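J.: My structure is below; once you've seen it, I'll send some questions.
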Amino acid sequence: MEEAKMARKALIWSMVMGLALSFIANHVYGEHSLVGQFSGSHYHDQIRKMQAFKDSFTQPSIAPSPSYTQQPQQAAFSARVYHVTSYGADPTGRRDSTEAVLRAISDAVQGSSEGLLMEGIKNLGGARVNLDGGNYLISRPLRLPATGLGNLMIHGGTLRASDDFATDGYLIDLSASSTSNNNEGNGGSSVGAQLSSSSSYNYEYITLKDLMLDSSYKGGGIAVRNSLRTSIDNCYIAHFTSNGILVQGGHETYIRNSFLGQHITAGGDHGEKMFSGTAISLMGNDNAVTDVVIFSAAIGILVSGQANIISGVHCYNKATGFGGTGIYLQLPGLTQTRIVNSYLDYTGIVAEDPVQLHISNTFFLGDAYIVLKSINGVANGINIVDNMFCGSDKGVDIVQLDQSKQPFKDIKQVVIDRNNVKGMNIKATVARGSVNGVGNSWVVDFNRVLVFPNLISHVQYSLSSTSSQFPNHALRNVSNNRVQIQTSLNVSASVFVTVDQWVAN
C-alpha cells in the first residue's frame, strides 16, 4: 500500500514539473515574447502558481458558495439609478421629453420595499432618477404614478416648461390627483393599480436636488402637497407666475441652498414694479427655509402655516416702495414663526395679528421695516430683538402698525428692543428718557420711541436734586405715552425714567 502511494505522488510530481516546464518554455519562447523579458518578479509569480497547482492535487477541494460567487453579479443588476436619456429624453431641449422622463420615474417607483418609512409609505431604497445634466422640454407636470412612496431622488438637470404648459401647473407636482390613477401614456395606470397607500400622507422623503426649473412664465416650479420630509436642495427656480415652490399641508419640508426669481436679475431691474407671483408659499406646519436667495417676485415668502422657521434668507424680490413684501405672515392669531439670521434688502416683513413671532439677528437695508398688521387686534408673544436697520434718513420707523382695519387691543408679551438703527427712526417697547431743570413737575414724552400708542405698563424713575432741601416726589400721571413726575417743592433736579409696554397675562 505504501509503495502505491509513493508511486502516485511521484507521478503527480512529474506531471506538475512537466506542466511547469512547458509553461515556462511557452512564456519565454512564445511568438509574442522577447528573450530576456522573463524578469525575477515573473519568475516568482510562476513559482507561486506552480505551488498552487500542486496543492490542488494534494489538498481537498472546497467549492465557494453559490451565494458568494453570484453576489457581485446580482449587485450589478440591482442598481437603482434611472437615466432619463436611456428612455429617449432629449437633453438638448429641442424635443418634448415629458413621456421619457415619466417612464423613468415610473420604473424607479416599482422597486422592492425596504421598510423603515411611515406605515403605508413604500421605501424605494434611495432610487434615483438622473437627468444626466440635460435640458428637457416638459409639456405637462411631472407627477409620481401613485401615492404612498418614499426615499426617491430626482436630480441633476434642467426642466423647462413648453409653450403649451398649463398656466396653473407645476413642473414637478408631488400631489395626489386623478393622474395617479389614469393612464397618461406613461404606464401610470398599471403602476398605480399595483401601488396603494394606507398612509394619510402622499409621500415621504422625496429629494429634489441640483435642478434648474424654468417655468417659462407658465405656472409654478414645484408643488409639495400633504407630504412628509421632502427635501428641496440646491435648486434654481425661475420664470414662475404663480409660486416658485408651493408647500401645502404635510410636514417638515426643507428648502435650502436654493435661488428663486420670477425674472433673472441681480437687482436694479427696470421692470421691478411689474414683478408678480410668490417665490415660496408655506401653507403647512413645521417647515424650514434655510440659506435661500429670492431675487424677484412680488412676495418672497408667504407663510400661512404655523411653526415654520426662516433662516439665512436674502430677499430682494420687490422693493416695499413698489408694493413688494419680503416675508408675509398670513396666519392671524397663530403665527408661531421664527425669522433669524436673514437679510431683508429694500423689502420688509408684514405680520397679521402676530402670536408667538420671533425676529432676530436680521439685517434690514434700504429703509426696509416690519409691519404689525391688525386683523382682529391681537399682538401676543412677539420678540423683535438684536436686529440691524439701515436707511437713508427719510424718517422711516423700523417697526410700524397697520391699524386700518381696527386698532390693536389684545397686546401681551411684546418685546421690541436692542435693535441698532442707522438712518431710520428707532421704535421699541422699552424706552429710557430724562429731563432736568428747575420746577416741581417733570414730563418725559416717549411717543417718538414707543410702538403702541397710549400703552405703558411699567415705569421706573429716579430723581436727583442739587437743592439744599430734598423734596417729596411721586409718579403723578402716565397717559398717552407720557410720564409725569411731581415734587413737593420747586427744586433743581434731573429725572430719569424707564418704561415698557409689556402687559402680563
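Numbering-wise, the numbering used here comes out as the position in the sequence shown, counting from 1, plus 148.
Think of the CB as a built atom: it goes at the ideal place given N, C-alpha and C, for glycine as much as any other residue.
Given the structure is predicted, the values throughout are model-derived calculations rather than measurements.
For R377, count neighbouring Cβ atoms within 10 angstroms of its own Cβ and tell me buried if that reaches 16, exposed if not.
T.: buried
J.: CB-CB under 6 Å to S508, same chain, minus the five flanking residues each way: which ones, in chain order?
T.: V488, V533, D534
J.: Is it true that the region 253 to 262 meets the region 278 to 285, where meeting means three or more beta-carbon pairs spaced less than 8 Å apart?
T.: no
J.: With distances taken between CB atoms, is the gap from G474 to G448 smaller than 8 Å?
T.: Taking the C-beta atoms as reference points, G448 is found nearer than 8 Å to G474.
J.: The beta strand (DSSP E) with S615 in it runs from where to where?
T.: It is not in any beta strand (DSSP E) - S615 carries neither H nor E in the DSSP assignment.
J.: Taking the alpha carbon of T240 as the reference point, which residue from T306, G268, N271 has its own alpha carbon closest?
T.: T306
J.: Quickly, what does DSSP pair R228 with across the bridge? List them, please.
T.: Bridge partners of R228: none, in fact.
J.: Hey, how far is the Cα of R288 from the Cα of K366?
T.: Rounded to whole angstroms, R288 to K366 spans 10 Å at the Cα level.
J.: Report the CB separation of A446 from G472 in whole angstroms; it is logged as a contact under 8 Å.
T.: 6 Å
J.: Assuming V681 and L482 form a contact by the criterion Cβ under 8 Å, report the distance between their Cβ atoms to the nearest whole angstrom.
T.: Outside the displayed span of the chain (149 to 653) sits residue 681, for which this structure offers no information.
J.: Are the region 536 to 550 and the region 605 to 613 touching by the rule of at least three beta carbon pairs closer than 8 Å?
T.: No: the two stretches stay apart, fewer than three of their Cβ pairs being nearer than 8 Å.
J.: Are G298 and Y353 touching if we call contact CB-CB under 8 Å?
T.: yes
J.: Indicate the three-state DSSP secondary structure (helix, strand or coil) for V249 in the structure shown.
T.: helix
J.: Please check the pair V645 and V592, which I expect to be a contact at CB under 8 Å, by giving their CB distance rounded to whole angstroms.
T.: 5 Å
J.: Among the residues of its own chain, which have a CB less than 6 Å from the CB of S215, if the five just before and after it don't count?
T.: For S215, the predicted structure reports a pLDDT of 34, less than 50, and the residue's modelled location is therefore unreliable. A value from the coordinates is still provided. Hits under 6 Å: none found.
J.: Please classify R251: is it buried, with 16 or more other beta-carbons within 10 angstroms of its beta-carbon, or exposed?
T.: buried
J.: Helix, strand or coil: which one does DSSP assign to S260?
T.: coil
J.: Look at the alpha carbon of V643 and the alpha carbon of T495, and state the distance between them as a whole number of angstroms.
T.: 40 Å
J.: Could I get the ranges of all uninterrupted beta strand (DSSP E) runs contained in the region 504 to 560, with 3 residues as the minimum, in chain order?
T.: 511 to 513, 518 to 521, 526 to 533, 536 to 538, 547 to 550
J.: Quick one: residues in its chain with C-beta nearer than 6 Å to the C-beta of R404, no 5 flanking neighbours on either side, listed in chain order?
T.: D381, T438, D439
J.: Quick check on the DSSP output: the beta strand (DSSP E) that includes M301 runs from which residue to which?
T.: 297 to 309
J.: Keeping to the same chain, check which residues put their C-beta closer than 7 Å to that of A173; ignore five residues upstream and five downstream.
T.: Any answer about A173 is weak, because its pLDDT of 39 lies below 50 and its placement is not dependable; what the coordinates show is given next. So no residue of the chain qualifies.
J.: In whole angstroms, what separates the C-alpha of A436 from that of F618?
T.: 59 Å
J.: From this set, G432, K575, G416, which residue's C-alpha is nearest N465's C-alpha?
T.: G416
J.: Applying the 10 Å Cβ sphere with the 16-neighbour rule, what's the burial state of I126?
T.: Any question about residue 126 goes unanswered here, given that the chain covers just 149 to 653.
J.: Below 8 Å on the Cβ atoms is my contact criterion, and I expect M136 with T355 to pass it. Report the Cβ-Cβ distance as a whole number of Å.
T.: This structure does not reach residue 136, given that the chain is present from 149 up to 653, and the question cannot be answered.
J.: Kindly indicate which three-state DSSP category E420 falls into: helix, strand or coil?
T.: Reduced to three states, the DSSP call for E420 is helix.
J.: Give me, in chain order, the residues of the same chain whose beta-carbon lies closer than 7 Å to that of G587; leave out the 5 immediate sequence neighbours on both sides.
T.: Result list for G587: N638, in chain order.
J.: Leaving out five residues before and five after F423 in sequence, what residues of the same chain have Cβ atoms less than 7 Å from its Cβ?
T.: Q410, H411, S444, A445, A446, N465, K466, G472
J.: Quick one: is D541 buried, meaning 16 or more other Cβ sit within 10 Å of its Cβ, or exposed?
T.: exposed
J.: Go ahead and label Q608 buried or exposed: buried means 16 or more other beta carbons lie within 10 angstroms of its beta carbon, across all protein chains shown.
T.: exposed
J.: Among S261, P601, G585, G453, which one has its Cα closest to the Cα of L394?
T.: G453
J.: Compute the beta-carbon to beta-carbon distance between I574 and V599, rounded to the nearest angstrom, for a pair I have assumed lies under 8 Å.
T.: 10 Å between Cβ atoms; not a contact.
J.: Could you tell me which of F511, K357, T295 sits nearest to L657, measuring between CA atoms?
T.: Coverage of the chain is limited to positions 149 through 653, which leaves residue 657 absent and any answer about it impossible.
J.: Please report how far the alpha carbon of V441 lies from the alpha carbon of A427, in whole angstroms.
T.: 10 Å
J.: Taking Cβ to Cβ, would you say L361 is nearer than 8 Å to D321?
T.: no
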